[in-house]
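Using the working numbering, you'd call the opening residue of the sequence shown number 1287 and step up by one each time.
Think of the CB as a built atom: it goes at the ideal place given N, C-alpha and C, for glycine as much as any other residue.
These numbers were taken from a predicted model, which means no experiment stands behind them.
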Amino acid sequence: MNLEFGNHNLGSNLTTKQKISLLMLLGIVIVLPLGLYLVGQQQELRKRAEGTREVDLRFDPTTGEKYRGETFPIFIKIFKMAQRSIKASGIQVTINVSNKFTINSAVCQPPFDALPFIKINGQSVTVMCTIALGVDPPELTALGQAFTLLNFTVKSDAEEGDAPITFTSTRVTEAGVAGQAPDVSTGGQPASFTVVALIPTLSPTPTISASATPIPTLSPTLPPFETPTPTITVIISPTITISPIPTSSPTISPTTLLTPSPVTSLTPTPSNCPLKSEGDADCNNSIDENDYFIWKCEFIGNGKCSNSTIENRADFNQDGKVTLTDFEFWRRSFYSPQGQ
Ligand SMILES: [Ca+2]
Ligand SMILES: [Ca+2]
């Protein structure tokens, strides 16, 4: 083989061994940066999709055969993976459901049923289940706890075969960590079902004992199934009952300066909302139900309430978004005015 570079005949000056080494070197120079780039991308994706990986999210059941027209329930459960004690005040997941299934409903399970926020959009469901107000966030266990009950129906025209259900985003906010509401979730485990044409019947072996009565087979025509309209359903619990409201006395002691320094120009106080980071959305120096309602409508409205021109008033951790994390900031302050 002769490699020609311009007029210089390189091939004649290199041994076969040297040529192979050169080609390998070129391969490394090209492949290595590409590999590093791809690994980086993957890590970035993982970072966005999950938290500290201490609480796993799984479907129950995770597998099984489903026949056309069948309606069936699936739980979503949280499992503690870490050794340390973890309490959760809220869980938010978005799942993607095989287009062989129609999503009928999603219901938050107690005690995570204070503010059920359910959004069904085509084959995607977003579920947010927060701890009931006035209830202590439960200690999570390795045995698992159901927080959502999903209900599906296999479409009447679904093709036979695999029908996966996967998590596209997860968040489990840990309760009781001062100044934070860390996301302790993993990215969640997928479930995979198999669509079959009909209920499995006994194989037609001719000789069964005389007493065995044949199992009646289903009539071949299954009830016609409604075509799913791609509506977006948002279900919010209309009322919340809040038991004994702790009187959060705004203890703001006026700092008495002993020496009245001759102030030349009085500047306004830099922050007129000192309790913002603790959950005071309306800046009235009190953390109360009204702040919760502002958080709720801004959470649903992506930072905007229809009755206000000011946005992100409930962004208590100042990350530019109103999320489940901000709910935990408010909840913690509301139930423990001392801050913990
Ligand atoms: Ca307030
Ligand atoms: Ca925020």
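{"Query": "Just checking Asn1382 against ligand 1 - is the residue's beta carbon closer than 8 angstroms to any of the ligand's heavy atoms?", "Result": "no"}
{"Query": "Tell me whether Asp1612 sits in a helix, a strand or coil according to DSSP, three-state version.", "Result": "helix"}
{"Query": "Should Asp1346 be labelled buried (16 or more other beta-carbon atoms within 10 Å of its own) or exposed?", "Result": "exposed"}
{"Query": "For Leu1436, count the other beta carbons within 10 Å of its own beta carbon; 16 or more makes it buried, fewer makes it exposed. Which is it?", "Result": "buried"}
{"Query": "Can you grab the Cα-Cα spacing for the pair Cys1583 / Ile1596, in whole Å?", "Result": "12 angstroms"}
{"Query": "Please list, in chain order, all residues of the same chain as Gly1337 whose beta carbon is under 8 angstroms from its beta carbon, the five residues on each side excluded.", "Result": "Thr1456, Arg1457, Val1458, Pro1468, Asp1469, Val1470, Ser1471 and Thr1472"}
{"Query": "In three-state terms, what does DSSP make of Leu1435?", "Result": "strand"}
{"Query": "Label Thr1611 either buried or exposed according to how many other C-beta atoms from any shown protein chain fall within 10 Å of its C-beta, with 16 as the threshold for buried.", "Result": "buried"}
{"Query": "State the DSSP-derived secondary structure class of Cys1569, mapped to helix, strand or coil.", "Result": "coil"}
{"Query": "Buried or exposed, going by whether 16 or more other CB atoms sit within 10 Å of the CB of Ser1551?", "Result": "For Ser1551, the pLDDT reaches just 40, beneath the cut-off of 50, and the residue's location in the model is therefore unreliable, although a value from the coordinates is still provided. Ser1551 is exposed by the Cβ-count criterion."}
{"Query": "With a CB to CB cut of under 7 angstroms and the five nearest residues on each side skipped, what residues in its chain are close to Phe1358?", "Result": "Lys1352 and Phe1438"}
{"Query": "Would you say the beta carbon of Gln1604 is closer than 8 angstroms to some non-hydrogen atom of ligand 2?", "Result": "yes"}
{"Query": "In the DSSP assignment, what are the bridge partners of Phe1361?", "Result": "Asp1346 and Leu1435"}
{"Query": "By alpha-carbon positions, which one of Asp1601, Gln1475, Ala1483 and Glu1564 ends up nearest to Lys1363?", "Result": "Gln1475"}
{"Query": "What is the DSSP secondary structure of Arg1457, counted as helix, strand or coil?", "Result": "strand"}
{"Query": "Please state whether DSSP places Gln1369 in a helix, a strand or coil.", "Result": "coil"}
{"Query": "Could you compute how far the alpha carbon of Gly1420 sits from the alpha carbon of Pro1397?", "Result": "10 angstroms"}
{"Query": "Should Ile1417 be listed as close to ligand 1, given that the test is whether its C-beta is under 8 angstroms from any heavy atom?", "Result": "no"}
{"Query": "Among the residues of its own chain, which have a CB less than 7 angstroms from the CB of Thr1349, if the five just before and after it don't count?", "Result": "Ala1477, Ser1478 and Phe1479"}
{"Query": "Is it the case that the Cβ atoms of Ala1464 and Leu1426 are separated by a distance below 9 angstroms?", "Result": "no"}
{"Query": "Any idea what DSSP makes of Gln1378, helix, strand or coil?", "Result": "strand"}
{"Query": "Using the three-state DSSP reduction, which class does Ser1442 fall into: helix, strand or coil?", "Result": "coil"}
{"Query": "Answer yes or no: do Gln1395 and Phe1433 have a C-beta to C-beta separation smaller than 9 angstroms?", "Result": "yes"}
{"Query": "When burial is assigned at 16 or more other CB atoms within 10 Å of the CB, is Pro1392 buried or exposed?", "Result": "This sequence places Ala at residue 1392; Pro is not what is there. By the 10 Å Cβ count, Ala1392 comes out buried."}
{"Query": "What residue range does the beta strand (DSSP E) around Ser1405 cover?", "Result": "With the sequence shown as reference, residue 1405 is identified as Lys, and Ser is not the correct amino acid for it. Phe1403 to Asn1407 is the extent of the beta strand (DSSP E) around Lys1405."}
{"Query": "Given Ser1547, which residues of its chain have a CB within under 8 angstroms of its CB, disregarding the five upstream and five downstream residues?", "Result": "Since pLDDT at Ser1547 reaches only 45, below the 50 mark, its modelled position is unreliable, and the value read off the structure follows with that caveat. Nothing meets the Cβ criterion."}
{"Query": "Pull up the DSSP beta-bridge partners for Ser1410, would you.", "Result": "Asn1382 and Asn1407"}
{"Query": "Sorry if obvious, but does the Cβ on Asp1568 come closer than 8 angstroms to a heavy atom of ligand 1?", "Result": "yes"}
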